[in-house]
Amino acid sequence: MSTVPAEAVSGHPEQARQVSATSVAPVALAAPLAPRARLLPALGAVYRAQLSRARVARIPLLFVATFQSIGIMVLMRGVVDGGAEARAVVAGSSVLVVAFVALNLLAQYFGQLRAGGGLDHYATLPVPPAAVVLGAAGAYASFTVPGTVVTAVTGSILFQLPLTHLWVLAAVVPLAGAALAGLGAALGLLAPRQELATLLGQLGMSAALLLGVLPAGRLPGPISYARDLLPSTYGVEALARTFEARPDWAVVGLDLAVCAAVGVVSLTVATWAYRRAAVR
437 MSTVPAEAVS GHPEQARQVS ATSVAPVALA APLAPRARLL PALGAVYRAQ
487 LSRARVARIP LLFVATFQSI GIMVLMRGVV DGGAEARAVV AGSSVLVVAF
537 VALNLLAQYF GQLRAGGGLD HYATLPVPPA AVVLGAAGAY ASFTVPGTVV
587 TAVTGSILFQ LPLTHLWVLA AVVPLAGAAL AGLGAALGLL APRQELATLL
637 GQLGMSAALL LGVLPAGRLP GPISYARDLL PSTYGVEALA RTFEARPDWA
687 VVGLDLAVCA AVGVVSLTVA TWAYRRAAVR
């Protein structure tokens, strides 16, 4: 109903008709936007989608990664007899499967996603950036579990190491996988070109191969310092210590804690890189 007094327009029929028309016109209200998805439900949705995609497209590459690591152990069997060097070779080869998938392939995936405009699709969804990065990283890290277990068991039999404490892989795989996946995602998102992302992923996997599989005692001094900067090093050290007759669990826990801290840092950097790439 109009709030204009009748006497104000009683002498002007045209104005009265205008007031009457505007008084009954509907008011258009802006539709409220859907609430932004919470982190955990969005993370679960992205994780399931990425895991399904990886299961279909990456199974052949998982076989390649596993056979590659087993082949490296067979070659090293002719050079290393046992002791600390054998433990380092088996642990490094097992984590190398994680590096091949979580670092190398994830760098290529995010590089391709950025180059092909796939980030625009995620940017239109009410999904937190952390959910996209963590979901993809978790899916690729989970995908490495079968190959890592097969490699660790094969290496233990090949070098006659105990299988008693291989349960520690339940901690090594997700922690090392998170650290390497975060690094791979950051490389893929920060690389200006898709080809450069692929190159960086290959270089990262090569670093994991050379610095992780080769015994630390045989590396030159400067290169050993670079080994300490590699995210997977601490997962390799933790797994290698469990092959000892009496593992020092305090040191194993410390290595895993450092690996977890590096994983948090690398995933944080990857999340920042995703935000940076999505707004461009």
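Converting from the sequence shown to the working numbering requires adding 436 to each position, the first position being numbered 1. Even glycine gets a Cβ: it sits at the ideal position worked out from N, Cα and C. This one's a predicted model, so the numbers in the text were calculated from it and none came from an experiment.
In the assembly as shown, D691 is a buried residue. Its beta-carbon has 16 or more other beta-carbons within 10 Å. Assignment of A681 by DSSP, reduced to helix, strand and coil, places it in the coil class. In this model, G591 and M512 are separated by some 11 Å (Cα to Cα).
A distance below 7 Å between beta-carbons, with the five flanking residues on each side excluded, links G519 to no residue of its chain.
For the region 582–658, the full-length alpha helix (DSSP H) segments reaching 4 residues or more read 605–626, 630–649 along the chain. Linking T580 to L498 through their CA atoms gives a straight-line distance of about 7 Å. Assignment of T580 by DSSP, reduced to helix, strand and coil, places it in the coil class. For A524, the enclosing alpha helix (DSSP H) stretches over residues 519–534. Remark: three or more beta-carbon pairs, one from each stretch, lie closer than 8 Å, so the region 624–639 and the region 538–557 are flagged as touching. When DSSP states are grouped into helix, strand and coil, V563 belongs to the coil group. Between the alpha carbons of I659 and V525 lies a distance of about 17 Å.
Contact between A543 and G640 holds, with the beta-carbon distance rounding to 7 Å and staying under 8 Å. Segment contact: the region 562–581 against the region 650–658, fewer than three CB-CB distances shorter than 8 Å; contact not assigned. Distance from the CA atom of F679 to the CA atom of L561, rounded to whole angstroms, is 46 Å. When the alpha-carbon of G648 is set against those of P564, M509, Y483, P477, the nearest one is in M509. Residue A535 holds the alpha-carbon nearest to the alpha-carbon of G620 among A535, L599, G528, V585. In this chain, R474 is not harboured by any alpha helix (DSSP H), its DSSP state being neither H nor E.
Taking the C-beta atoms as reference points, A617 is found no nearer than 8 Å to A693.
Take A527, set aside five residues on each side of it, and the residues of its chain with a beta-carbon closer than 6 Å to its own are V672, L675, A676, in chain order. In terms of Cβ geometry, T584 and L555 do not form a close pair [threshold 8 Å].
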